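Colleague: In order, the protein sequences belong to chains V and G.
First residue of the first sequence: 1, per my numbering; consecutive thereafter.
First residue of the second sequence: 1, per my numbering; consecutive thereafter.
Glycine included, every Cβ here is placed at the ideal spot set by N, Cα and C.
What you are looking at is a predicted structure, and each value in this text was computed from that prediction instead of being measured.
Protein chains: 2
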Amino acid sequence: MAAFYPQFAESWRRLLASIGGRRVAVIGHARPDGDCIGAQVGLAHMLRGLGHEAVCVNGDPVPRRLQFLTGGEAFIRPGDLPETAKEWAAIFVDCADHARAGDRLKAYFSAPIGNVDHHLSNQGYAEHNLVDATSAATCEILAGVALDEGIDLNAIAAQALYTGILTDTGQFRFAATSQRCFILAGELVARGAEPAVAGYELYERESRGKLQLLQHFLGSLRLECGGRVCLGTLSAGIFEQTGTTAEDTEGLVDYARSIAGVDIGGLIEQRPDGGVKASLRAKEAAYRVDLVAAEFGGGGHACAAGLNVKTPASDFIGKLLASLARRLAAVDAERRQ
Amino acid sequence: MAAFYPQFAESWRRLLASIGGRRVAVIGHARPDGDCIGAQVGLAHMLRGLGHEAVCVNGDPVPRRLQFLTGGEAFIRPGDLPETAKEWAAIFVDCADHARAGDRLKAYFSAPIGNVDHHLSNQGYAEHNLVDATSAATCEILAGVALDEGIDLNAIAAQALYTGILTDTGQFRFAATSQRCFILAGELVARGAEPAVAGYELYERESRGKLQLLQHFLGSLRLECGGRVCLGTLSAGIFEQTGTTAEDTEGLVDYARSIAGVDIGGLIEQRPDGGVKASLRAKEAAYRVDLVAAEFGGGGHACAAGLNVKTPASDFIGKLLASLARRLAAVDAERRQ
Numbered sequence: 001m002a003a004f005y006p007q008f009a010e011s012w013r014r015l016l017a018s019i020g021g022r023r024v025a026v027i028g029h030a031r032p033d034g035d036c037i038g039a040q041v042g043l044a045h046m047l048r049g050l051g052h053e054a055v056c057v058n059g060d061p062v063p064r065r066l067q068f069l070t071g072g073e074a075f076i077r078p079g080d081l082p083e084t085a086k087e088w089a090a091i092f093v094d095c096a097d098h099a100r101a102g103d104r105l106k107a108y109f110s111a112p113i114g115n116v117d118h119h120l121s122n123q124g125y126a127e128h129n130l131v132d133a134t135s136a137a138t139c140e141i142l143a144g145v146a147l148d149e150g151i152d153l154n155a156i157a158a159q160a161l162y163t164g165i166l167t168d169t170g171q172f173r174f175a176a177t178s179q180r181c182f183i184l185a186g187e188l189v190a191r192g193a194e195p196a197v198a199g200y201e202l203y204e205r206e207s208r209g210k211l212q213l214l215q216h217f218l219g220s221l222r223l224e225c226g227g228r229v230c231l232g233t234l235s236a237g238i239f240e241q242t243g244t245t246a247e248d249t250e251g252l253v254d255y256a257r258s259i260a261g262v263d264i265g266g267l268i269e270q271r272p273d274g275g276v277k278a279s280l281r282a283k284e285a286a287y288r289v290d291l292v293a294a295e296f297g298g299g300g301h302a303c304a305a306g307l308n309v310k311t312p313a314s315d316f317i318g319k320l321l322a323s324l325a326r327r328l329a330a331v332d333a334e335r336r337q
Numbered sequence: 001m002a003a004f005y006p007q008f009a010e011s012w013r014r015l016l017a018s019i020g021g022r023r024v025a026v027i028g029h030a031r032p033d034g035d036c037i038g039a040q041v042g043l044a045h046m047l048r049g050l051g052h053e054a055v056c057v058n059g060d061p062v063p064r065r066l067q068f069l070t071g072g073e074a075f076i077r078p079g080d081l082p083e084t085a086k087e088w089a090a091i092f093v094d095c096a097d098h099a100r101a102g103d104r105l106k107a108y109f110s111a112p113i114g115n116v117d118h119h120l121s122n123q124g125y126a127e128h129n130l131v132d133a134t135s136a137a138t139c140e141i142l143a144g145v146a147l148d149e150g151i152d153l154n155a156i157a158a159q160a161l162y163t164g165i166l167t168d169t170g171q172f173r174f175a176a177t178s179q180r181c182f183i184l185a186g187e188l189v190a191r192g193a194e195p196a197v198a199g200y201e202l203y204e205r206e207s208r209g210k211l212q213l214l215q216h217f218l219g220s221l222r223l224e225c226g227g228r229v230c231l232g233t234l235s236a237g238i239f240e241q242t243g244t245t246a247e248d249t250e251g252l253v254d255y256a257r258s259i260a261g262v263d264i265g266g267l268i269e270q271r272p273d274g275g276v277k278a279s280l281r282a283k284e285a286a287y288r289v290d291l292v293a294a295e296f297g298g299g300g301h302a303c304a305a306g307l308n309v310k311t312p313a314s315d316f317i318g319k320l321l322a323s324l325a326r327r328l329a330a331v332d333a334e335r336r337q
């Protein structure tokens with residue numbers, strides 16, 4: 001079998017050599033998703049299998065729905081790091097830039113030895129950078145490197161890396177889903193990853209309240225900008241009413257985007273403080289919803305961005321729609337050229 | 001590479017030999033899903049590549065959301081079959097029994113030469129039966145046989161077979177999702193299947209009405225049997241009210257099953273004729289919802305079954321719940337042993 005990532009063979013070996021007997025901190029990003037937690041757990045196991053000492057560090061806790069994949073791995077929070085942690089060898093995973101781990105972890109681990117990531121905007125902020133934007137997931141890179149290097153993956157690592165590929169491909173359907181994703185998923189299944197368990201834990205353990213939240217969100221959907229934008233709103237108090245938390249909003253905005261003819265979907269969450277949190281999802285990268293979010297002090301990716309404002313929803317939505325209309329017009333103008 | 005389905009090598013060759021220069025009708029089941037249409041299109045292309053003449057026949061039209069995978073394939077409806085069609089060689093795909101294609105097609109093609117299927121309850125009603133209940137999809141069997149036999153798959157066939165595996169594994173997450181599914185999916189991508197296109201067509205082109213139907217269904221969910229069963233109801237007239245059709249119910253029942261603690265989810269669809277169509281989905285095969293469906297004249301798989309009754313929902317639901325309660329008790333008793 002040809003190597004999956006021949007371009008990383010040298011960097012990987014140098015990265016390992018740089019550890020030099022130190023404990024390794026495998027660091028993920030704030031508000032971690034499946035690819036982040038999967039990559040942290042997977043890499044920690046890979047390193048231990050190679051004789052290194054490794055711990056996982058994250059600024060935020062592991063979300064409830066991802067706890068199944070940790071295999072009992074203890075995640076260290078910034079406040080629990082010992083003073084000696086500054087001496088550890090730091091490898092950042094799934095972090096497009098150094099600050100994605102949070103300012104505190106960036107300051108703590110100011111000179112990373114490793115950076116494993118698949119984000120297009122990653123400029124390579126570490127000593128050894130394994131960055132490939134053609135990969136659908138950071139876990140895809142780690143699984144490929146593990147197979148290339150003949151590193152044994154135990155069932156916990158296999159399930160963790162599988163889950164990262166699963167979630168960051170949107171269940172194998174986003175544009176970056178390649179033959180390599182499927183080959184690696186199959187290899188991970190052969191090493192103990194259980195697709196049905198991941199599917200069950202991620203998609204079959206919803207709370208009744210989460211479905212009520214979805215019902216509420218669906219009822220609030222309205223088409224704007226000639227049917228090219230679809231916005232849904234979660235009113236203040238809906239979390240209490242349905243017994244849910246902000247974590248439960250995950251995935252809701254995808255319903256707004258999923259409608260035929262809609263280019264951009266949005267979720268408007270009215271905060272108890274009177275402000276608004278908004279999430280935007282575009283069907284195509286050309287819409288650059290990160291530019292729209294940036295107008296309100298937010299940011300993100302071309303297809304997925306978010307923002308927080310202190311103004312009430314009644315004021316904000318009109319401004320958001322005006323900004324979205326300008327983006328649509330700009331894209332239309334580019335396409336006419 | 002070892003063969004995927006060595007047990008079918010002989011049957012497949014005999015099946016081809018039985019065609020004997022006749023035109024082949026590739027027949028699917030009524031109310032076709034992705035695995036059915038995918039298998040019909042995939043097999044028709046495989047047969048043509050081997051020099052046979054093949055047409056697809058189905059009692060119902062190809063659902064709008066599946067049309068992308070047909071590659072322009074014309075599907076013949078029973079009313080459009082010429083008198084001479086009785087002489088065609090009939091291969092049934094994804095039909096657990098002969099009658100699943102509809103009474104009319106069963107009568108028309110009364111002596112099938114082939115039966116390719118993955119349903120547990122398939123008894124083998126054709127001259128040559130390629131039936132394997134360990135497979136997640138009929139398309140998985142066909143893709144495996146194509147690779148085993150060295151049959152070229154063009155991009156249309158690859159996309160069709162890929163889509164069948166995708167939909168019948170619930171996006172690679174149901175219990176039957178195996179390493180073989182991923183290896184075959186990867187091989188199909190290498191032959192031109194496009195996961196992002198399938199994902200877009202299947203999951204990013206919803207109608208506004210479909211989301212309203214989902215909203216209605218979520219609002220109707222009720223927990224039964226101590227929270228282990230969740231049933232949702234679509235009242236008569238809801239299709240007109242939301243501008244949807246029976247086709248749009250696909251996937252709804254999965255929401256009923258997705259709740260934590262629920263073992264079996266159900267969708268009760270009130271028919272205009274006063275009867276009921278019900279779909280049942282279990283989280284684990286042990287629950288054998290096909291046995292419950294069979295009590296009402298229906299059938300299916302251990303985890304996914306369906307039935308139609310002529311009694312009104314008000315009469316039916318009590319009987320269904322009693323049957324489900326007996327199944328739960330039976331499974332509990334088995335587990336205590």
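For the beta strand (DSSP E) containing Glu224(G), name the first residue and the last one.
Modeller: From DSSP, the beta strand (DSSP E) with Glu224(G) extends over Arg222 to Glu224.
Colleague: Assign Gly261(V) to one of two classes, buried (16 or more other C-beta atoms within 10 Å of its C-beta) or exposed (fewer than that).
Modeller: Burial call: exposed.
Colleague: Pull out every residue of the segment 207-240 of chain G whose Cβ sits closer than 8 angstroms to any Cβ of chain V, in chain order.
Modeller: Listed by position, the residues of the segment 207-240 of chain G near chain V (Cβ gap below 8 angstroms) are Ser207, Arg208, Leu211, Gln212, Leu214, Gln215, Leu218, Gly219, Leu221 and Leu223.
Colleague: Quick check: the Cα distance between Ala35(G) and Ala99(G), rounded to an integer number of angstroms?
Modeller: First, the residue type needs correcting, since residue 35(G) is Asp and not Ala in the sequence shown. For Asp35(G) and Ala99(G), the distance between alpha carbons rounds to 18 angstroms.
Colleague: Per DSSP, Ile233(G) forms a beta bridge with which residues?
Modeller: In the sequence on display, residue 233(G) carries Thr and not Ile. Bridge partners of Thr233(G): Ile268(G).
Colleague: In the DSSP assignment, find the alpha helix (DSSP H) that holds Leu380(V) and state where it starts and stops.
Modeller: An answer regarding residue 380(V) cannot be provided, because it is not within the stretch 1 to 337 covered by chain V.
Colleague: From Leu202(G) to Leu66(G), what does the alpha carbon distance come to, in whole angstroms?
Modeller: If I take the Cα positions, the gap works out to 7 angstroms.
Colleague: Going along the segment 172-188 of chain V in order, which residues come within less than 9 angstroms of chain G, judged by CB to CB distance?
Modeller: Result list: Phe172, Arg173, Phe174, Ala175, Ala176, Thr177, Ser178, Gln179, Arg180, Cys181, Phe182, Ile183, Leu184, Ala185, Gly186, Glu187 and Leu188.
Colleague: Could you spell out the range, first to last residue, of the alpha helix (DSSP H) harbouring Gly199(V)?
Modeller: Note, Gly199(V): alpha helix (DSSP H), Pro195 to Tyr203.
Colleague: Could you give the residue range of the beta strand (DSSP E) that holds Cys139(G)?
Modeller: That residue, Cys139(G), is in no beta strand (DSSP E); its alpha helix (DSSP H) goes Thr138 to Asp148.
Colleague: Taking 8 angstroms as the CB-CB limit, is Ile165(V) close to chain G?
Modeller: For Ile165(V), the answer is no, since every Cβ of chain G falls outside 8 angstroms of its Cβ.
Colleague: Determine, using beta-carbon pairs with one atom in the segment 104-117 of chain G and one in the segment 10-22 of chain G, whether at least three such pairs fall under 8 angstroms.
Modeller: Judged by Cβ distances under 8 angstroms, the segment 104-117 of chain G makes contact with the segment 10-22 of chain G, as three or more pairs qualify.
Colleague: Let's test the definition: count the other Cβ atoms within 10 Å of the Cβ of Ala158(G) and tell me whether it reaches 16, buried, or not, exposed.
Modeller: Result: buried.
Colleague: Pick helix, strand or coil for Ser11(V), following the three-state DSSP scheme.
Modeller: Ser11(V) falls in the helix class under three-state DSSP.
Colleague: Hey, which unbroken runs of the alpha helix (DSSP H) at 4 residues or more fall wholly within the segment 94-141 of chain V?
Modeller: The segment 94-141 of chain V contains these whole alpha helix (DSSP H) runs: 103-108.
Colleague: Look at the alpha carbon of Gly297(G) and the alpha carbon of Ile27(V), and state the distance between them as a whole number of angstroms.
Modeller: Spanning the two alpha carbons is a distance of roughly 56 angstroms.
Colleague: Can the beta-carbon of Gly164(V) be found less than 8 angstroms from the beta-carbon of Gly186(G)?
Modeller: Not closer than 8 angstroms, so no.
Colleague: For Leu50(V), count neighbouring Cβ atoms within 10 angstroms of its own Cβ and tell me buried if that reaches 16, exposed if not.
Modeller: By the neighbour-count rule (16 or more Cβ atoms within 10 Å), Leu50(V) is not buried but exposed.
Colleague: Can you list, in chain order, the residues of its chain whose CB lies under 6 angstroms from that of Leu252(G), leaving out five sequence neighbours each side?
Modeller: Correct list, in chain order: Phe217 and Leu267.
Colleague: If the cut is a Cβ gap below 7 angstroms, which residues of chain G does Ser258(V) touch?
Modeller: Going along chain G in sequence order, the residues near Ser258(V) (Cβ under 7 angstroms) are Tyr203, Glu204 and Glu206.
Colleague: Please report the residue range of the beta strand (DSSP E) in which Ser279(G) lies.
Modeller: Per DSSP, Ser279(G) belongs to the beta strand (DSSP E) from Val276 to Ala282.
Colleague: Give the straight-line distance between the Cα atoms of Cys95(G) and Arg191(G), rounded to the nearest whole angstrom.
Modeller: Those two C-alpha atoms are separated by around 27 angstroms.
Colleague: Can you name the residues of chain V whose CB is closer than 8 angstroms to the CB of Gly150(G)?
Modeller: Per Cβ cutoff of 8 angstroms: no residues; Gly150(G) is ~19 angstroms from chain V at best.
Colleague: How big is the Cα-Cα spacing for Cys310(G) and Tyr287(G)?
Modeller: Rather than Cys, the amino acid found at residue 310(G) in this sequence is Lys. About 25 angstroms.
Colleague: Just grab the DSSP bridge partners of Leu307(V) for me.
Modeller: Paired residue(s): Ala278(V).
Colleague: Compute the Euclidean distance between the alpha carbons of Ala133(G) and Gln123(G), then round it to the nearest angstrom.
Modeller: Straight-line Cα distance between these residues: approximately 11 angstroms.
Colleague: Could you give the residue range of the alpha helix (DSSP H) that holds Ala160(V)?
Modeller: Ala155 to Asp168 is the extent of the alpha helix (DSSP H) around Ala160(V).
Colleague: Does any residue of chain G have a CB that is nearer than 8 angstroms to the CB of Gly251(V)?
Modeller: Chain G contact via Cβ: absent.
Colleague: Please tell me whether Met46(G) and Leu130(G) are closer than 8 angstroms, where the distance is taken between their beta carbons.
Modeller: For Met46(G) and Leu130(G), no; Cβs fall outside 8 angstroms.
Colleague: What residues from chain G crowd round Ala196(V), counting only those whose CB sits closer than 7 angstroms?
Modeller: Those are Arg173, Phe174, Ala175 and Thr177, listed as they occur along chain G.
Colleague: When the Cα of Phe174(G) is compared with those of Lys283(G), Phe4(G), Ala30(G) and Arg326(G), which residue comes out closest?
Modeller: Of Lys283(G), Phe4(G), Ala30(G) and Arg326(G), the residue nearest in Cα terms is Lys283(G).
Colleague: Answer yes or no: do Ile76(V) and Val57(V) have a C-beta to C-beta separation smaller than 8 angstroms?
Modeller: Cβ atoms of Ile76(V) and Val57(V): closer than 8 angstroms.
Colleague: If you check the beta carbons only, do Gly306(V) and Leu280(V) fall under 8 angstroms apart?
Modeller: Contact flag set, yes.
Colleague: Report yes if the C-beta distance between Ile259(G) and Cys225(G) is below 8 angstroms; otherwise report no.
Modeller: Not a contact, by the Cβ cut-off of 8 angstroms.
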